[in-house]
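What follows is one structure encoded as structure tokens, with my remarks underneath.
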Amino acid sequence: METITVKKADISSAFLFYGEMKKVKKLIPILVLVFILGLPGIAFASDQQKVIISFDGAIQLEELQDIDYEVIHEYPSIHAVAVEIAQEEIDDVEALNSVQYVEKERSLKVSVEQSNWGYSEVDADVSKSLGLTGEGVKVAVIDTGVDKDHPDLNIAGGKNFVEGSSDYDDQNGHGTHVAGIINAQPNDIGTIGVAPDAKLYAVKALDQGGKGNQIDVIAAIQWAIAKDMDIINLSFTSPYASEVTVNSKTLADIIKEAHSQGIFVVAASGNDKSGEGQKTDDVMYPGRYDFVYSVGSVDQDLERSYFSYGGKSIDFVAPGERIRSTYVGDEGESTYGYLSGTSMSSPFVAGSIALYKELYPNYSFKQIEELLFDNAKDLGSKGNDSSYGHGFLLAPASYFSDVDRKRWYIDYVNRLAKDGSLEGYQDKTFRPTNDITRQEVVTVVGRTLGLDGTKRKTKFEDVPSDLYSSGYVASATDKGIIQGYPSDRFKPKQSITRGEVAVIIENAFGPFDSNKKATFSDVDADAYYADEVSALAEEEIITGYADGLYKPDQPIKRSELAAVLSKVLYENLR
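As structure tokens, then:
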């Protein structure tokens, strides 16, 4: 059987630091999980061969009754089974009518490039400020296992698929490092992960020496599907991705099955560990498969890392050089280390997806995918390209899908949404450029002031007791915050103007004293809103436009109201 070796040192350009990282502990080469499919020229010690048998329909082991075999794994979701049989029996199995194909076992390898600047670079700190931590999202890290006793990790569970290992504990370090990028805890020690409250599952498919089997990885993915994971991270690749003969149909099938269940599968794009440049015209497998998000690496200048594989199948890039995360020391102790490689980039994307899943729990797979593309910072050539894909994926920066992180009003909207003063719509949009109605403004102000919003009768004929805003309209009327129009009408669904908002803000949160009159050339000194506009302008709560006008009769936008109310409540935002 073909095997692979995970080394903790391959390339002389990367260093690993332990503990507080005060000194270099050991020189380490690029650790990138490498998926070796079908290494040629390796002799076997016996005529026994591990193979995957794919059946046409359900698994039919009774068809093998005349063949001496041992079952290793069953994959019912894709109608396949991994068995060990004699080499000479393979042709007989392939000849069975119920068998679609027989695929020889292939070997796996971890090969990694040997703070966390990436945490803030992907805006995970911004997401944290919004209260987003990945809570409730299940992430499976299929790797060398995870250090189950590491004080900086919170493991929800796991499974071991490596023969000879008793559990999913990590004796290599690679899986622990990957896990920390996603899950390291905000506990004032070590480092912090992108999604620390995500439910992390350690799925061990590679042993302490980095040796593993493709059949175990397939079994691990099947386990993740059965356990209803939301995200699967695969930080391993194939150096032989250009050879069609090593493209595993079984692995592709199980990944397709994961996708059909709504699971996001994220994988490293691959590393050039030879220093001689990329050997293929595309990313390595499994990142090249359909339904996998392939992730390349960039440095702190957001330039493509010299070792990072690209190609038409690359989807995103993420931090991948000198990433500090949880690790396992030479004596098996829990520690921290700096590693480089696309193996480190993949979990940044997996963690960011967890944050989007938390923020939009009812979104479909396609809707989340569109958010990912929309929130990728374009790098390199304009649009999707072979070096950076859709770009550098950023974590959520707003509670609302239509509030872009580059817009001037994002901080105001976020602040009010976080404290509950301002809400969006059921579809998780805010619609910042929409006008806002009179009843909406009264509701926002009433909620902010803690007024009684219980629906009830009001003095206005056009505000019936069953209208959602009736309680706040009644309370605001009693407090002298609002007045209606003649004939006892309030016009609740009419867009409110910038001048009217100034009056309501002054009545609700004032007084704001001002000795000025007519701050803006289009605000007449005798207008009913003139004093309020002047006072709020002097307090830097309201501003005009670039042409020096206030435009008091123009309907105020939802984003503009967010700015005004935020500045009233939080002086540091003025």
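Counting from 1, one number per residue, gives the positions in the sequence shown under UniProt numbering.
By construction, the Cβ of each residue, glycine as well, lies at the ideal position given by its N, Cα and C atoms.
Can the beta-carbon of G391 be found less than 7 Å from the beta-carbon of D378? yes
Beta-carbon separation (whole angstroms), A258 vs V295, contact threshold 8 Å: About 17 Å; that fails the 8 Å criterion.
Using the three-state DSSP reduction, which class does P319 fall into: helix, strand or coil? strand
Grab me the residues of Q554's own chain with a C-beta within less than 8 Å of its C-beta, minus the 5 sequence neighbours each way, in chain order. T497 and R498
Could you check which residue in L153, Y360 and A527 has the C-alpha nearest to that of A395? Y360
Beta bridge counterpart(s) of Y119 as assigned by DSSP: As DSSP reads the structure, Y119 sits in no beta bridge.
Reduced DSSP secondary structure (H/G/I, E/B, other) of P76: helix
Could you have a look at V328 and say whether DSSP puts it in helix, strand or coil? strand
With distances taken from CA atoms, which of D282, S305, Y338 and S129 is nearest P311? Residue 311 is actually Gly in this sequence, not Pro. Answer by Cα proximity: D282.
Counting only the same chain and skipping the five closest in sequence on each side, list residues whose C-beta sits under 6 Å from that of S300. What sits at residue 300 in the sequence shown is Gln, not Ser. Same-chain partners within the cutoff: W117.
Contacting residues, own chain, Cβ-Cβ under 6 Å from D47 (five flanking each side not counted): A86 and Q87
Suppose you measure from the CA of V265 to the CA of I231; what does that come to, to the nearest Å? 6 Å
Can you look up A376 in the DSSP assignment and give me helix, strand or coil? The three-state secondary structure of A376, taken from DSSP, is strand.
A267 - partner residues in DSSP beta bridges: L234 and S294
Which complete beta strand (DSSP E) runs does the stretch 197-236 hold, if anything under 3 residues is left out? 199-204, 211-213 and 231-234
Whole angstroms are fine: how far does the CA of Y285 sit from the CA of A562? 47 Å
G144, buried or exposed, once every other Cβ within 10 Å from all chains shown has been counted against 16: For clarity, residue 144 is Thr in the given sequence; the question names Gly instead. Buried is the call here.
From the DSSP output, in three-state form, read off N507 for me. helix
Let me confirm a value: T429 is counted as buried when at least 16 other C-beta atoms fall within 10 Å, else exposed. Which label applies? exposed
Quick one: is Y309 buried, meaning 16 or more other Cβ sit within 10 Å of its Cβ, or exposed? Buried is the call here.
State buried or exposed for K493, treating a residue as buried only when at least 16 other CB atoms are found within 10 Å of its CB. exposed
Would T176 and V328 be called neighbours here (beta carbons separated by less than 7 Å)? yes
Does the separation of the CB atoms of A205 and I142 fall below 7 Å? yes
Determine the extent of the beta strand (DSSP E) in which Y285 is found, giving its start and end residues. It is not in any beta strand (DSSP E) - Y285 carries neither H nor E in the DSSP assignment.
Quick check on W408: buried or exposed, where buried means 16 or more other Cβ atoms within 10 Å of its Cβ? exposed
Buried versus exposed, by CB contacts within 10 Å (16 or more), N414: By the neighbour-count rule (16 or more Cβ atoms within 10 Å), N414 is buried.
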